[in-house]
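Participant:
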Amino acid sequence: MVDDEAGFEALYRREYEPMVRVAFLLLDADTLAEEAVHDAFAKVYERWEKIDDHGAYLRRCVVNRCRDLQRRRKLERRHRLEGGAAYDELGARELTDALAALPHRQRAAIVLRYYEGLSEADIAAALDMAPGTVKSTVSRGLAQLREVVER
Numbered sequence: 011m012v013d014d015e016a017g018f019e020a021l022y023r024r025e026y027e028p029m030v031r032v033a034f035l036l037l038d039a040d041t042l043a044e045e046a047v048h049d050a051f052a053k054v055y056e057r058w059e060k061i062d063d064h065g066a067y068l069r070r071c072v073v074n075r076c077r078d079l080q081r082r083r084k085l086e087r088r089h090r091l092e093g094g095a096a097y098d099e100l101g102a103r104e105l106t107d108a109l110a111a112l113p114h115r116q117r118a119a120i121v122l123r124y125y126e127g128l129s130e131a132d133i134a135a136a137l138d139m140a141p142g143t144v145k146s147t148v149s150r151g152l153a154q155l156r157e158v159v160e161r
């Protein structure tokens with residue numbers, strides 16, 4: 011168990027900041043990003059001995075937790091809007107806003123590809139999809155980003 015704790019601590023030191031940055035790009039909120047990463051590390055710690063690739067599992071947990079938090083935020087926003095009217099906001103941070111408007115899988119694939127620099131195989135593992143699906147998901151997401159940015 012001592013080796014496992016040392017391994018977990020090393021993983022935490024190495025991956026905490028990069029995972030917070032990924033979560034921030036997925037959520038666009040500091041505190042939620044940190045919450046997502048802490049929750050992901052807790053899951054990794056609970057299952058440490060059963061996991062083969064701790065870094066990949068951590069990444070998957072971060073992405074999944076961000077998706078859960080986005081769903082919650084979307085529901086909260088819907089309840090706040092009068093009459094349930096949805097609207098598109100593009101402010102001074104157009105690219106971040108455009109990224110936030112993408113569906114979760116597209117946003118996650120783009121962030122993992124271009125920010126984390128992961129390969130299609132690693133993204134496929136993190137998002138539980140086929141490598142070919144990763145290619146098409148990233149391609150569609152980039153096309154949507156181009157449309158929004160060019161407006």
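For the sequence shown, the positions run 11 to 161 when this note's numbering is used.
No residue lacks a Cβ here, since even glycine has one placed at the ideal position from N, Cα and C.
1. How is the alpha helix (DSSP H) around Ala153 delimited, first residue to last?
2. Buried or exposed for Glu25, please, with buried defined as at least 16 other CB atoms from any protein chain shown within 10 angstroms of its CB.
3. For Val158 and Asn74, what's the separation of their Cα atoms in angstroms?
4. What three-state label does DSSP hand Ala135 in the structure shown?
5. Using a Cβ-Cβ cutoff of less than 7 Å, which residues in the same chain neighbour Pro113 once the five nearest sequence positions on both sides are dropped?
6. Assign Arg156 to one of two classes, buried (16 or more other C-beta atoms within 10 Å of its C-beta) or exposed (fewer than that).
7. Taking DSSP as the reference, what is the three-state secondary structure of Glu92?
8. Is Asp62 buried or exposed, if buried means 16 or more other CB atoms sit within 10 Å of its CB?
9. Whose C-alpha, out of Ala39, Ala33 and Val54, is nearest the C-alpha of Leu21?
10. Quick one: what's got a C-beta closer than 7 Å to Asp14's C-beta in the same chain, skipping five residues either side?
11. Using the Cα positions of Ala96 and Gly151, report the straight-line distance between them to the nearest angstrom.
12. Please classify Ala118: does DSSP put it in a helix, a strand, or coil?
13. Do Ile133 and Ala153 have their C-beta atoms closer together than 8 Å?
14. Leaving out the 5 sequence neighbours to the left and right, which residues in its chain are closer than 6 Å to Arg77 when beta-carbon positions are compared?
Facilitator: Per the coordinate set shown:
1. Here residue 153 refers to the residue found at position 143 of the sequence shown. Taken as a continuous stretch (DSSP letters only), the alpha helix (DSSP H) holding Ala153 covers Pro141 to Glu160.
2. As a working note, residue 25 is residue 15 in the sequence shown. Label assigned to Glu25: buried.
3. By 1-based counting over the sequence shown, the position of residue 158 is 148. By 1-based counting over the sequence shown, the position of residue 74 is 64. If I take the Cα positions, the gap works out to 26 Å.
4. Residue 135 sits at position 125 when you count from the first residue of the sequence shown. Three-state result, Ala135: helix.
5. Position 103 of the sequence shown, counted from the start, is the residue given in the question as residue 113. Nothing listed; no residue qualifies.
6. Taking the sequence shown and counting its residues from 1, one reaches residue 156 at position 146. Counting Cβ neighbours within 10 Å, Arg156 comes out exposed, since fewer than 16 surround it.
7. On the sequence shown, position 82 is the one that residue 92 refers to. The predicted model places Glu92 with a pLDDT of 44, which falls under 50 and marks its position as unreliable, so this point remains unresolved.
8. The residue labelled residue 62 in the question sits at position 52 within the sequence shown. It counts as exposed.
9. Reading the sequence shown from its first residue, position 11 is the one you call residue 21. The shortest C-alpha separation from Leu21 is found at Val54.
10. As a position in the sequence shown, residue 14 is number 4, starting the count at 1. Taken in chain order, the residues that qualify are Trp58 and Glu59.
11. By 1-based counting over the sequence shown, the position of residue 96 is 86. By 1-based counting over the sequence shown, the position of residue 151 is 141. Residue confidence is low: Ala96 scores 39 on pLDDT, short of 50, so the model does not pin down where it sits. No coordinate-derived value is stated.
12. If you number the sequence shown from 1, residue 118 lands on position 108. Three-state result, Ala118: helix.
13. Within the sequence shown, residue 133 is the residue found at index 123, counting from 1. Within the sequence shown, residue 153 is the residue found at index 143, counting from 1. In this structure, Ala153 does not lie closer than 8 Å to Ile133 by Cβ.
14. What you label residue 77 is simply residue 67 of the sequence shown in a count that begins at 1. Around Arg77: His114.
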